[in-house]
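**Student:** First the structure, then my questions, so here it is.
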Amino acid sequence: MLRFIVQRLGQTVIVLFVVSLIVFSLVHLTPGDPVDAVFSGQNVTAQQKDEYRHQLGLDKSLPQQYLAFAGGAVRGDLGTSLRSGRPVWSMIATTLPATLELVLAALVIAIVIAVPVAIVSALRQGSVWDRTGSFAALFGISMPSFWLGMMLILVFSVSLHLFPASGRLSIDTGLSQLSGLLLLDSALQGNWQAFVSGLQHLALPALTLGAAIAATLTRILRSGLLEVKDQDYVEALWARGLSFWQVLRHMMRNALPATVIVMGVRIGVLLGGAIVVETVFSWPGMGRLIVDSIRSRDYPVVQGAVLAMAVVFVLFNLATDLLHGWLDPRVKHTKVSA
Amino acid sequence: MNRLRRTYQFLGGSWPIAFAMMVIVIFVVVGVLAPVLAPQDPNAQDLVARLQPPLSPGHVLGTDVLGRDVLSRLIYGTRVSLVVGFTAVALAGVLGVVVGLVSGYFGGWVDSVFMRVVDAWLAFPFLLMAIAIVAILGPGLKNIVIALAITGWVVHARLVRGETLSLREREFVLSARGLGASRPAIMVQHILPNILAPILVVATLELGVVIVTEASLSFLGLGADASQSSWGQTLADGRAYITQAWWLVTLPGLAIFVVVLAVNVLGDGIRDALDPRLQSRRNADTPV
């Protein structure tokens, strides 16, 4: 297992290097000068622009700039925002927990919906339950998340006034931030008013994002269970008189590795979806930070935030691969293909 | 031929798939005939008739905040979605097929280099990369198509590479090689026709992904410009008026949903028809 983990970590380092190259190229392939964009409409002399360019290190050669960028990124220094002058790192630090909270909540919702549906669908293949579940999953993967989000706002916020349509927390809760994960922070501080408010604000965005994932997860897990359902060992378990739950445990154990692998790749879709869902619900996370900074052409922020999202994605993938290795003992005994 | 006949029979024999095909054909016809079918100019403003609800006189699906006819905008939006979708998938497909064929057929270091590039590409969330590329190129339909092709080719490349690897040592390829056929001829004339079926499946399912991504980019304000009335754009415009005008966010989204659902049903159907092994698990996941 140790050898497997080391090999997988080695690959992750290479991928992160390539990712940093791509992200760096983003800014330097951009047509137009970012400094011109910052000072557009202002009365600034060419000399002042040159000084500013020098200050940002934009007058150095590309390899030097890349080394400065990569070195800074490793130390946690991603430059400063052209608009607000704040360090990019601190902007990410305040928005990343919001995105993580949303993504984790969506994952929980997806698992809660998808696992029972997939099990019933697979074990009662061809039944009304199976057809309904499969059709619902097909609906789920076909529905654009921003549209589902707005439909939920129309029904639950505008018509029924059950949940708030935007933001993360009511302003009057007096919660001081520790981890940035508001539900965790409010529970740790025993501030239940903030906890309930956080939960209410989280409900619709998490459901929106979770529905899309639930749809994919249902389809993958159902097909995984169908593959193992008719195998000899399952027949043997039934014949030995094991209970339903015991047999199911064996089936899940064999269907899960493939599910985990596919879901690992799908995490990218989840993070991408988060960008859109955050915009719909004015959720102050990384997605909104990226979209807002693209609109204001604040490239250091775009560069840093895209890098941070890509790193989160790579780490999620690493985690799912390690989980896969743990679930499926065959993986860690075979050589990892690069 | 056998496969094609089987596909035809399968498609004809299943009503959801036949229905899905009909829906797609209708959308294509609406897109092509948009100037004839649209009751009004999609950009003609009538500030006196702002935010008219559906079934208002002269506006079957109502008007938006500038008094533009929603039905006309949706009809022209069909054009944008389908043109972007088909073009981006075609471009991504061609790029992916070329890379996949070369990578799979030649193997060795060529394969290693291409597959490392594919890995790095897949290390980016799809939408994030599309957003990043549009941020570089600037908004606009042409740039969206380029961004979607640049992000989407890896799916085709991985598939084609895998299929090519499994075919390149088969007898018919070896005999073509023995008869002195050139490498490009073997790849194009012998291997490609045998992997068209899975390419078709992936291309169909990718069409759905691409249409949603285009709408998402337009929704985020990075897509078509205001005059092009794409579905995502119309939806984004209506967002600020969600409390007053439900139809502005509901109808364009419904159009996206219906066309993507039809594309997914069709993609699933073709996959099942072409691979009898899959028929027992018809709702397996879309290829990644």
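As given, the protein sequences belong to chains S and V, one line each in that order. Residue numbers for the first sequence follow the working numbering, so the first one is 1464 and each next one is one higher. Residue numbers for the second sequence follow the working numbering, so the first one is 98 and each next one is one higher. Every residue gets a Cβ at the ideal spot worked out from N, C-alpha and C, and that includes glycine.
(1) Which residues in the same chain have their Cβ closer than 8 angstroms to the Cβ of Pro1434 of chain S, if we skip the five residues on either side of it in sequence?
(2) 9 angstroms is my cut-off, CB to CB: does Val1769 of chain S come that close to chain V?
(3) Suppose you measure from the CA of Gly1603 of chain S to the CA of Arg165 of chain V; what does that come to, to the nearest Å?
(4) Taking only the alpha-carbon atoms, compute the straight-line gap between Val231 of chain V and Ala244 of chain V and give it to the nearest angstrom.
(5) To the nearest angstrom, how far is it from the Cα of Pro384 of chain V to the Cα of Ser1524 of chain S?
(6) Locate the alpha helix (DSSP H) running through Arg267 of chain V, then write down its first and last residues.
(7) Along chain S, which residues have their Cβ under 7 angstroms away from the Cβ of Trp343 of chain V?
(8) At which residues does the alpha helix (DSSP H) containing Lys1692 of chain S begin and terminate?
(9) How would you list, in chain order, the residues of chain S whose beta-carbon sits under 9 angstroms from the beta-carbon of Gly305 of chain V?
(10) Report all residues from its chain with a CB closer than 6 angstroms to the CB of Leu234 of chain V; omit the five preceding and five following residues, and keep chain order.
(11) Suppose the cutoff is 6 angstroms on Cβ atoms and the five residues either side in sequence are ignored; what does the same chain contact list for Ser377 of chain V look like?
(12) Around the C-beta of Ser1620 of chain S, are 16 or more other C-beta atoms found within 10 angstroms, so that it is buried, or is it exposed?
(13) Helix, strand or coil, according to DSSP, for Asp166 of chain V in the structure here?
(14) Where do the N-terminal and C-terminal ends of the alpha helix (DSSP H) with Ser1608 of chain S fall, by residue?
(15) For Met1554 of chain S, which of S:Gly1767, S:Phe1779, S:Ile1676 has the nearest alpha-carbon?
(16) Using a Cβ cut-off of 8 angstroms, pull out every chain V residue sitting near Thr1742 of chain S, in sequence order please.
(17) Between S:Trp1552, S:Ala1561, S:Val1476, which lies nearest to Ala1669 of chain S when the distance is taken from Cα to Cα?
(18) Considering only their Cβ atoms, is the gap separating Glu1564 of chain S from Leu1632 of chain S smaller than 9 angstroms?
(19) Under 7 angstroms Cβ to Cβ from Leu219 of chain V, same chain only, skipping five residues before and after it: list those, please.
(20) Please classify Asp386 of chain V as buried or exposed, where buried requires at least 16 neighbouring CB atoms within 10 angstroms.
(21) Report the residue ranges of all beta strand (DSSP E) runs contained in full by the segment 186-211 of chain V; include only those spanning at least 3 residues, in chain order.
(22) Taking the straight line between their C-alpha atoms, what separation do you get for Gly1612 of chain S and Gly1735 of chain S?
(23) Starting from the C-beta of Phe316 of chain V, find all residues in its chain whose C-beta is less than 7 angstroms away, skip the five residues before and the five after it, and write them out in chain order.
(24) Comparing alpha-carbon positions, which option in S:Leu1644, S:Arg1549, S:Phe1776 lies nearest Pro1747 of chain S?
(25) Let me see if you follow: with CB-CB separation under 9 angstroms, is Ile1574 of chain S close to chain V or not?
(26) Can you confirm whether Gly1735 of chain S, when its beta carbon is compared against all beta carbons of chain V, has any partner nearer than 9 angstroms?
(27) Mind checking whether Ala1771 of chain S and Leu1559 of chain S have CB atoms under 9 angstroms apart?
(28) Determine the direct distance from the alpha carbon of Ala1674 of chain S to that of Phe1467 of chain S, and round the result to whole angstroms.
(29) DSSP three-state label for Thr301 of chain V, please.
(30) Can you list the residues of chain S that Ala312 of chain V reaches, using a CB-CB cut of under 7 angstroms?
(31) If Val356 of chain V sits next to Ile308 of chain V, beta carbons under 8 angstroms apart, how far is it from one beta carbon to the other, in whole angstroms?
(32) Give the DSSP-derived three-state secondary structure of Pro1526 of chain S in the structure shown.
(33) Suppose you measure from the CA of Val145 of chain V to the CA of Ser1547 of chain S; what does that come to, to the nearest Å?
(34) Less than 9 angstroms separating the beta-carbons of Ala227 of chain V and Thr310 of chain V?
(35) Touch check for the segment 171-182 of chain V and the segment 201-209 of chain V: three-plus C-beta pairs under 8 angstroms?
**Tutor:** Judging by the given coordinates:
(1) Outside the displayed range of chain S (1464 to 1801) lies residue 1434 of chain S, so it cannot be described from this structure.
(2) Taking the first sequence and counting its residues from 1, the one referred to as residue 1769 of chain S is at position 306. Yes, Val1769 of chain S counts as interfacial toward chain V.
(3) Taking the first sequence and counting its residues from 1, one reaches residue 1603 of chain S at position 140. Taking the second sequence and counting its residues from 1, one reaches residue 165 of chain V at position 68. Looking at the two C-alpha atoms, the distance is approximately 31 angstroms.
(4) Locating residue 231 of chain V in the second sequence gives position 134, counting from the first residue. Locating residue 244 of chain V in the second sequence gives position 147, counting from the first residue. Whole-angstrom Cα-Cα distance: 6 angstroms.
(5) Working through the second sequence from its first residue, we reach residue 384 of chain V at position 287. Working through the first sequence from its first residue, we reach residue 1524 of chain S at position 61. Low per-residue confidence applies at Pro384 of chain V: pLDDT is 33, beneath 50, and the placement is therefore not dependable, though the value from the model is reported in the following sentence. Using only the alpha carbons, I get a separation of about 42 angstroms.
(6) Position 170 of the second sequence, counted from the start, is the residue given in the question as residue 267 of chain V. No alpha helix (DSSP H) contains Arg267 of chain V, which DSSP labels as neither H nor E.
(7) Within the second sequence, the letter at position 246 stands for residue 343 of chain V. Leu1617, listed in chain order.
(8) To locate residue 1692 of chain S, count along the first sequence from 1; it is residue 229. Here the alpha helix (DSSP H) through Lys1692 of chain S covers 1655-1692.
(9) Residue 305 of chain V sits at position 208 when you count from the first residue of the second sequence. Neighbours of Gly305 of chain V on chain S, chain order: Ile1604, Ser1605.
(10) Position 137 of the second sequence, counted from the first residue, corresponds to residue 234 of chain V. Excluding residues within five positions, the ones whose Cβ falls inside 6 angstroms are Asn240.
(11) Taking the second sequence and counting its residues from 1, one reaches residue 377 of chain V at position 280. Since pLDDT at Ser377 of chain V reaches only 42, below the 50 mark, its modelled position is unreliable, and the value read off the structure follows with that caveat. There are no such residues.
(12) Taking the first residue of the first sequence as 1, we reach residue 1620 of chain S at position 157. That one is buried.
(13) Within the second sequence, the letter at position 69 stands for residue 166 of chain V. Here Asp166 of chain V sits in strand by DSSP.
(14) By 1-based counting over the first sequence, the position of residue 1608 of chain S is 145. Residues 1608-1615.
(15) By one-based count along the first sequence, residue 1554 of chain S stands at place 91. Nearest C-alpha to Met1554 of chain S: S:Gly1767.
(16) The count along the first sequence starts at 1 and reaches residue 1742 of chain S at position 279. Result: Phe316, Leu317.
(17) Along the first sequence, one-based indexing puts residue 1669 of chain S at 206. The shortest C-alpha separation from Ala1669 of chain S is found at S:Ala1561.
(18) Position 169 of the first sequence holds residue 1632 of chain S. Position 101 of the first sequence holds residue 1564 of chain S. No. Outside cutoff.
(19) Sequence index remark: in the second sequence, residue 219 of chain V carries index 122 (1-based). Val251, listed in sequence order.
(20) Summary: the structure shown does not reach residue 386 of chain V, with chain V confined to residues 98 through 385, and so no result is reported for it.
(21) none
(22) Along the first sequence, one-based indexing puts residue 1612 of chain S at 149. Along the first sequence, one-based indexing puts residue 1735 of chain S at 272. Gly1612 of chain S and Gly1735 of chain S: Cα-Cα distance of roughly 15 angstroms.
(23) As a first step, residue 316 of chain V is located in the second sequence; it is residue number 219 there, counting from the start. Correct list, in chain order: Gly329, Leu332, Ala333.
(24) Position 284 of the first sequence, counted from the start, is the residue given in the question as residue 1747 of chain S. For the residues S:Leu1644, S:Arg1549, S:Phe1776, the minimum Cα distance to Pro1747 of chain S belongs to S:Leu1644.
(25) Against the first sequence, residue 1574 of chain S aligns to sequence position 111. So, not an interface residue.
(26) As a working note, residue 1735 of chain S is residue 272 in the first sequence. Yes, Gly1735 of chain S lies at the interface with chain V (some Cβ there is under 9 angstroms from its Cβ).
(27) In the first sequence, the residue the question calls residue 1771 of chain S occupies position 308. In the first sequence, the residue the question calls residue 1559 of chain S occupies position 96. In this structure, Leu1559 of chain S lies closer than 9 angstroms to Ala1771 of chain S by Cβ.
(28) To locate residue 1467 of chain S, count along the first sequence from 1; it is residue 4. To locate residue 1674 of chain S, count along the first sequence from 1; it is residue 211. Rounded to the nearest angstrom, the two C-alpha atoms are 34 angstroms apart.
(29) Numbered from its first residue, the second sequence carries residue 301 of chain V at position 204. Here Thr301 of chain V sits in helix by DSSP.
(30) Translated into positions along the second sequence, residue 312 of chain V becomes position 215. Within chain S, the residues near Ala312 of chain V are Pro1607.
(31) For the purposes of this step, residue 356 of chain V is taken as residue 259 along the second sequence, with counting starting at 1. For the purposes of this step, residue 308 of chain V is taken as residue 211 along the second sequence, with counting starting at 1. 6 angstroms between Cβ atoms; contact.
(32) One-based indexing of the first sequence puts residue 1526 of chain S at position 63. Looking at Pro1526 of chain S - three-state DSSP - the assignment turns out to be helix.
(33) Locating residue 145 of chain V in the second sequence gives position 48, counting from the first residue. Locating residue 1547 of chain S in the first sequence gives position 84, counting from the first residue. Rounded to whole angstroms, Val145 of chain V to Ser1547 of chain S spans 41 angstroms at the Cα level.
(34) Position 130 of the second sequence holds residue 227 of chain V. Position 213 of the second sequence holds residue 310 of chain V. Yes, the pair counts as a contact, with Cβ atoms nearer than the cut-off.
(35) no
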